[in-house]
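K.L.:
Starting off with a structure, shown below.
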Amino acid sequence: MEMEGTYDARGARPGGTGSARPVPRPAGPPPMPPVVPPVPAHAPAAAGTSVADWLRTPRPEAEPGVWRLGHRPRPEEEPEPVPARRLFAGALISGLCALLLWSLYDNYYIPYWLDPHYWAGALVKLSDNAVVKAVIVGAVDALLIAGMVVFFGRLGNWPEIGRRYLLPLVRARRPRHAPPGLAPVTAGGPDDPAEWPQLRRAGQHTAAERLSEEVRAGRMNDVDYARIRRAWYSVQVDPQRLGAFVDSVVRQGAGAFTHPSGGRDLPGRRARNDLATNQVRIGTAADHPRNPYARRTTGVALEPALLGTSLLAVGPSGSGKTVRLVRPVVESLCLQALANRAAVVAVTAHGTALASDDAFDLVIAPGRPESAHDLDLYGGGDDPDEAARVLAEALVGDLTADGRRAATALAQLIGPYRGVHGHFPAVPELRDLLGGAPGALDGLRTALEAAGDTSHLRELDARARQSQRADDVGALLADRIAFLDRPAFAGFFRTTEPGRQFSLRAVEHPLRVRIDLPERGHAEASRIIARLVLAQFTEAVLSRSDRSLFACLVLDDATHTVTPDSIRAVQRLRSAHAGVVLALRTLEDVPEPLRGPLLGAVGCRVAFAGIGPWDGGRFAESWGKEWVQTRDVTNRQIVSDEPLTKALHFLRRVVTGRTATAEAVTVREVERERWSGSELAHSVPAGHAVLSLASVRGEHTPPLLVDLGN
Numbered sequence: 001m002e003m004e005g006t007y008d009a010r011g012a013r014p015g016g017t018g019s020a021r022p023v024p025r026p027a028g029p030p031p032m033p034p035v036v037p038p039v040p041a042h043a044p045a046a047a048g049t050s051v052a053d054w055l056r057t058p059r060p061e062a063e064p065g066v067w068r069l070g071h072r073p074r075p076e077e078e079p080e081p082v083p084a085r086r087l088f089a090g091a092l093i094s095g096l097c098a099l100l101l102w103s104l105y106d107n108y109y110i111p112y113w114l115d116p117h118y119w120a121g122a123l124v125k126l127s128d129n130a131v132v133k134a135v136i137v138g139a140v141d142a143l144l145i146a147g148m149v150v151f152f153g154r155l156g157n158w159p160e161i162g163r164r165y166l167l168p169l170v171r172a173r174r175p176r177h178a179p180p181g182l183a184p185v186t187a188g189g190p191d192d193p194a195e196w197p198q199l200r201r202a203g204q205h206t207a208a209e210r211l212s213e214e215v216r217a218g219r220m221n222d223v224d225y226a227r228i229r230r231a232w233y234s235v236q237v238d239p240q241r242l243g244a245f246v247d248s249v250v251r252q253g254a255g256a257f258t259h260p261s262g263g264r265d266l267p268g269r270r271a272r273n274d275l276a277t278n279q280v281r282i283g284t285a286a287d288h289p290r291n292p293y294a295r296r297t298t299g300v301a302l303e304p305a306l307l308g309t310s311l312l313a314v315g316p317s318g319s320g321k322t323v324r325l326v327r328p329v330v331e332s333l334c335l336q337a338l339a340n341r342a343a344v345v346a347v348t349a350h351g352t353a354l355a356s357d358d359a360f361d362l363v364i365a366p367g368r369p370e371s372a373h374d375l376d377l378y379g380g381g382d383d384p385d386e387a388a389r390v391l392a393e394a395l396v397g398d399l400t401a402d403g404r405r406a407a408t409a410l411a412q413l414i415g416p417y418r419g420v421h422g423h424f425p426a427v428p429e430l431r432d433l434l435g436g437a438p439g440a441l442d443g444l445r446t447a448l449e450a451a452g453d454t455s456h457l458r459e460l461d462a463r464a465r466q467s468q469r470a471d472d473v474g475a476l477l478a479d480r481i482a483f484l485d486r487p488a489f490a491g492f493f494r495t496t497e498p499g500r501q502f503s504l505r506a507v508e509h510p511l512r513v514r515i516d517l518p519e520r521g522h523a524e525a526s527r528i529i530a531r532l533v534l535a536q537f538t539e540a541v542l543s544r545s546d547r548s549l550f551a552c553l554v555l556d557d558a559t560h561t562v563t564p565d566s567i568r569a570v571q572r573l574r575s576a577h578a579g580v581v582l583a584l585r586t587l588e589d590v591p592e593p594l595r596g597p598l599l600g601a602v603g604c605r606v607a608f609a610g611i612g613p614w615d616g617g618r619f620a621e622s623w624g625k626e627w628v629q630t631r632d633v634t635n636r637q638i639v640s641d642e643p644l645t646k647a648l649h650f651l652r653r654v655v656t657g658r659t660a661t662a663e664a665v666t667v668r669e670v671e672r673e674r675w676s677g678s679e680l681a682h683s684v685p686a687g688h689a690v691l692s693l694a695s696v697r698g699e700h701t702p703p704l705l706v707d708l709g710n
């Protein structure tokens, strides 16, 4: 379609470790696919749920992080609980009283002037007709029974017994795709989303009818709906695209505006996604006293509005960070990319099953011969200063607080090299330049003198003078770049094969990229690459001209990737419609001065079960305190001088073994931590996490205990 240039990418086959898909070129008119891709057979929301039913399910407005699909709002405050023993005792007594009153009435043990039958007969002047008399007597009895049930039912709290013990049984037997208490949108009505009312209101009845027929015939899935809805929003922004939109919809139906890869769904979807709201469900708020009553038992979900504030997850190995949080988030972002709504870059260790290769357009595996793509060491830019700043962040960002000297040293070498050769140096050449190899520097100087490039000659001379200092940063840079100059990386980080290199600047397109790091044999090189990807990502998204796509970087292991510059960049991402997801085993993997700023820079924080008290203390400090009401009960022994009272107290002590006491209750408000470090370390059950969320609009939620397996 001519209107969707920003969604273009070369090739038509999904990428993998053996894929030959080239890196997407800048935006331009993409070719129309000659054949509509087949309809995926995956159910959009749950097994047995059609797309029409999924669309008609209510999604009421709710607080950030609430799973809106079929959400049932709860009261803000918990009603005063009545003990079960007292509840059933009151119900039994009120029921016996009702039976006693009915027995007195039924056996005529009441005066005639209190008998409703007498007054009913007097009012209607009963005849000798037995049928009329029976009808009137039955109606009077029915009214009396109804009145007694209402009166004694309220007196004995019968409705509370039904809500507490009977209603949960009824809810458990109802189907999950039809939540009780919520009426779905009427099929065929004016607001039926399956009939595409937004197109009909705009007068595009032909396109709306074609899409409605696709829904009724089962040829449209949830990804198709989200993708076409996204295209319609672009038409509203630019009305000149209306003709191309209608033409594509009429010709291709549910297959219109397909992702450049041709994919319309992901293989083996596991998470519960709702593409109508861009949410992915990660768990259920536990029915726990620490959770607000309105949030208990409600679904917890993530969406771009929350991930745009960035997310930090901390938990030991095996706590569920990858399986229960990172994997659903990556799957949701990949689905949104297929709907032309997002771009995702997932960085993980090789062998970690975030998703299959077919779920991504590009799979980059540095150090593995079968990888068909390479990572651009310089971020795809042409400015030596910008490239040097990003590369310095990757090489020494975790070692020195003064990255400006490292960036200056790199710029003094790669700038002259590019002026001579027309491209930046590869890893071996850069190592020789940083190490001061005579042949490399002399050859570069000779070429600059022959070309008469005096400005770059001054840069090279300045680097030569600085290399004589004892505290020169060039030696440190040479040592760090040596981790990438290994035989395993001999075929990577080249600068002379533009078709093979991938640049993070491609996040302007709805790409799905996975970068597999060789952590087993090259741990330090993996950390350098992770910092390089983080630095290039933040630089790319902040300089985007088109920010309509949500861009997200997911670091499955962010160990030694957090630096002062990266924290400052993360704070700016929410205004660029982008975010990062950082997963850590412990905050000890972050330098001590950066732990507090890191927790303050992200809007979403997740503490998994099993973290240490020192990590829990950091989270508790970031979540702050709240005012709570406490009750102090004091027992005071009763002393009496009366003989009868003394005898009764003595008898009570003999029977119960306790002395007679009087209770004094003091109610006061105190300031208490929402979750203390000790509670986070020892009171969070396995498979649970405590998380707080914030949206880009400034809304936030208190920390919630969430069951990640529900």
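Counting along the sequence shown from 1, when you hit position 205 you're at 205 in this note's numbering, and nothing is skipped either side. Glycine included, C-beta positions come from ideal geometry on N, C-alpha and C. Remember, predicted model here, so these are calculated numbers, not experimental data.
1) In angstroms, rounded to a whole number, what distance separates the CA positions of GLU592 and ALA607?
2) Considering Cα atoms alone, identify which of ALA664, ALA583 and LEU413 is closest to VAL323.
3) So what's GLY719 in DSSP terms, helix, strand or just coil?
4) For GLN629, does the three-state DSSP call read helix, strand or coil?
5) Are the Cβ atoms of ALA346 and ALA337 separated by less than 9 Å?
6) In terms of alpha-carbon separation, which member of THR298, ASN157, SER545 and GLY403 lies closest to VAL473?
7) So, for SER678: in the same chain, excluding its five sequence neighbours on each side, which residues have a beta-carbon less than 8 Å away from its beta-carbon?
8) Along the chain, where does the beta strand (DSSP E) that runs through THR666 open and close?
9) How is the alpha helix (DSSP H) around VAL363 delimited, first residue to last?
10) Contact defined as beta carbons within less than 8 Å: I believe GLU160 pairs with LEU87. What is the distance between those atoms, to the nearest angstrom?
11) In terms of residues, what are the limits of the alpha helix (DSSP H) holding PHE537?
12) Kindly indicate which three-state DSSP category GLY709 falls into: helix, strand or coil?
13) Is the beta carbon of HIS722 sitting closer than 9 Å to the one on LEU693?
14) Let me make sure I understand the geometry here. Which of VAL82, LEU362 and TRP54 has the alpha-carbon closest to that of ARG163?
15) So, does the region 288-302 touch the region 557-574, judging by three or more C-beta pairs under 8 Å?
16) Taking only the alpha-carbon atoms, compute the straight-line gap between ALA84 and ARG74 and give it to the nearest angstrom.
17) Report yes if the C-beta distance between ASN221 and ARG264 is below 9 Å; otherwise report no.
18) Helix or strand or just coil, what does DSSP make of ILE638?
19) Mind checking which residues open and close the beta strand (DSSP E) that includes ARG272?
20) How big is the Cα-Cα spacing for PRO425 and ASP565?
21) Taking the alpha-carbon positions, what's the ARG283 to VAL628 distance?
22) State the Cα-Cα distance for the pair ARG636 and SER317, rounded to the nearest angstrom.
23) Tell me whether ILE611 sits in a helix, a strand or coil according to DSSP, three-state version.
24) Assign VAL590 to buried or exposed, taking buried as 16 or more other Cβ atoms, counted over all protein chains shown, within 10 Å of its Cβ.
25) Can you tell me where the beta strand (DSSP E) with PHE489 in it begins and where it stops?
26) So for SER692, helix, strand or coil by DSSP?
27) From the DSSP output, which residues share a beta bridge with ASP516?
28) Could you work out which residue in TYR225, HIS205 and PRO260 is closest to VAL250 when comparing CA atoms only?
29) Secondary structure at ASP374, three-state DSSP: helix, strand or coil?
30) Given a cut-off of 9 Å, decide if ARG658 and PRO703 are closer than it, judged by their beta-carbon atoms.
31) From the DSSP output, in three-state form, read off ALA583 for me.
32) Helix or strand or just coil, what does DSSP make of ARG216?
33) How many Å lie between ALA662 and GLU626 at the Cα?
34) Sorted by chain position, which residues of the same chain lie with C-beta nearer than 6 Å to ARG281's C-beta, five sequence neighbours on each side aside?
35) Measuring CB to CB, does CYS604 end up less than 9 Å from LEU484?
36) Could you check whether ASP557 and ALA349 sit closer than 9 Å to each other, using their CB atoms as the reference points?
P.N.:
The short version:
1) 18 Å
2) ALA583
3) The structure shown does not extend to residue 719, since the chain spans only 1 to 710, so no value can be given for it.
4) strand
5) no
6) GLY403
7) PRO613 and GLY616
8) 661-673
9) VAL363 -> not in any alpha helix (DSSP H); beta strand (DSSP E) instead, spanning 362-364.
10) 6 Å
11) 523-542
12) coil
13) Residue 722 is absent from the structure shown; the chain starts at 1 and stops at 710.
14) VAL82
15) no
16) 22 Å
17) yes
18) coil
19) 272-274
20) 25 Å
21) Reading the sequence as shown, one finds Gly at residue 283 and not Arg. Between GLY283 and VAL628, the C-alpha separation is close to 27 Å.
22) 51 Å
23) coil
24) buried
25) Looking at the DSSP string, PHE489 is not in any beta strand (DSSP E), and its letter there is neither H nor E.
26) strand
27) THR348
28) HIS205
29) strand
30) no
31) strand
32) helix
33) 32 Å
34) TRP67, ARG272, GLY299 and ALA301
35) no
36) yes
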